[in-house]
Amino acid sequence: MKIVMRYGKLIIIGIAVLIVLLLLIFGFKGCGVSHKSPEGVVKSLIKAYAEGNVNRVKDCYGAKKNTEEALQKEIDATIKYFKAHNTKKVEIQECDILSESEKYTYVYVNYHLEMENEQVYPCISTYMTGKTDGKYYILPPSKVTDDMRKQAASDYAKFMTTNVYKNYVKEYETFIKKNPGYEDKIAGKLS
Numbered sequence: 035m036k037i038v039m040r041y042g043k044l045i046i047i048g049i050a051v052l053i054v055l056l057l058l059i060f061g062f063k064g065c066g067v068s069h070k071s072p073e074g075v076v077k078s079l080i081k082a083y084a085e086g087n088v089n090r091v092k093d094c095y096g097a098k099k100n101t102e103e104a105l106q107k108e109i110d111a112t113i114k115y116f117k118a119h120n121t122k123k124v125e126i127q128e129c130d131i132l133s134e135s136e137k138y139t140y141v142y143v144n145y146h147l148e149m150e151n152e153q154v155y156p157c158i159s160t161y162m163t164g165k166t167d168g169k170y171y172i173l174p175p176s177k178v179t180d181d182m183r184k185q186a187a188s189d190y191a192k193f194m195t196t197n198v199y200k201n202y203v204k205e206y207e208t209f210i211k212k213n214p215g216y217e218d219k220i221a222g223k224l225s
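My numbering puts the first residue of the sequence shown at 35, with every later residue one more than the last.
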């Protein structure tokens, strides 16, 4: 009887340890930045902005140690923008590649900012990513050339004719009709 109780206790302890290990493994999964694909790093960036996690945002740019001034201003302004919406959570709707070249991959991300008042603010953003040592990073403003900007403008004009973009516009217009003056309210928080 004592042997059965001893093994029973060991089994319970073993199960408890296993549960803790599984929670640690799955709990930390997704806490970092995904550099495996252009879409992965863009999704990580949006989530880091929504959380106000400056270190993860910098990791997405590959700028953990020395952050150039223009990039730091962009990071600060974007975090302030997310906070102005009282963002509780971000839900990525779609994220895909608009165009690719040897030097960069141009990615769009369609997402919803779920606000504290339970409303959903639709957003679309685009980012240029580059690959260094097998990892994808968001390109900082200093690495985006005029030729890249011109090509991006052309690619974005084509993107505006897609259903993804048209659906975003409908969602945005619906939100603004339900919330007149919302953009002015956000602009006031940002000034």
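Even glycine gets a Cβ: it sits at the ideal position worked out from N, Cα and C.
What are the residues that DSSP puts in a beta bridge with residue i?
i	result
V143	C129, S159
T121	M149
V5	Residue coverage of the chain in this structure runs from 35 to 225, which leaves residue 5 outside it and unanswerable.
Y171	G164
Indicate the three-state DSSP secondary structure (helix, strand or coil) for residue i in the structure shown.
i	result
M182	helix
T166	strand
E136	coil
N213	coil
G227	This structure leaves residue 227 out entirely; the chain is present only between 35 and 225.
V75	helix
E207	helix
Would residue i and residue j be called neighbours here (beta carbons separated by less than 7 angstroms)?
i	j	result
K205	V141	A small fix is needed here, since residue 205 is Glu in this sequence, not Lys. Not a contact, by the Cβ cut-off of 7 angstroms.
E227	N151	This structure gives no information on residue 227, because the portion of the chain shown stretches from 35 to 225.
Y202	I158	yes
H119	M149	yes
H69	K169	yes
K29	V124	Since the first residue shown for the chain is 35 and the last is 225, residue 29 is missing from the structure and cannot be characterised.
Buried or exposed for residue i, going by 16 or more other Cβ atoms inside 10 Å?
i	result
P156	buried
S78	buried
F60	For F60, the predicted model reports a pLDDT of 40, less than 50, meaning its position is unreliable; a value from the coordinates is still stated below. Exposed, because fewer than 16 other Cβ atoms sit within 10 Å of the Cβ of F60.
T179	exposed
L224	exposed
Does the ligand GTP have even one heavy atom less than 6 angstroms from the beta-carbon of residue i?
i	result
K99	What this structure holds is no ligand at all, so the ligand GTP is not there to describe.
Exercise for review: Kindly confirm or deny that the stretch 87-96 and the stretch 167-185 touch, where touching means at least three C-beta pairs closer than 8 angstroms.
Suggested key: yes
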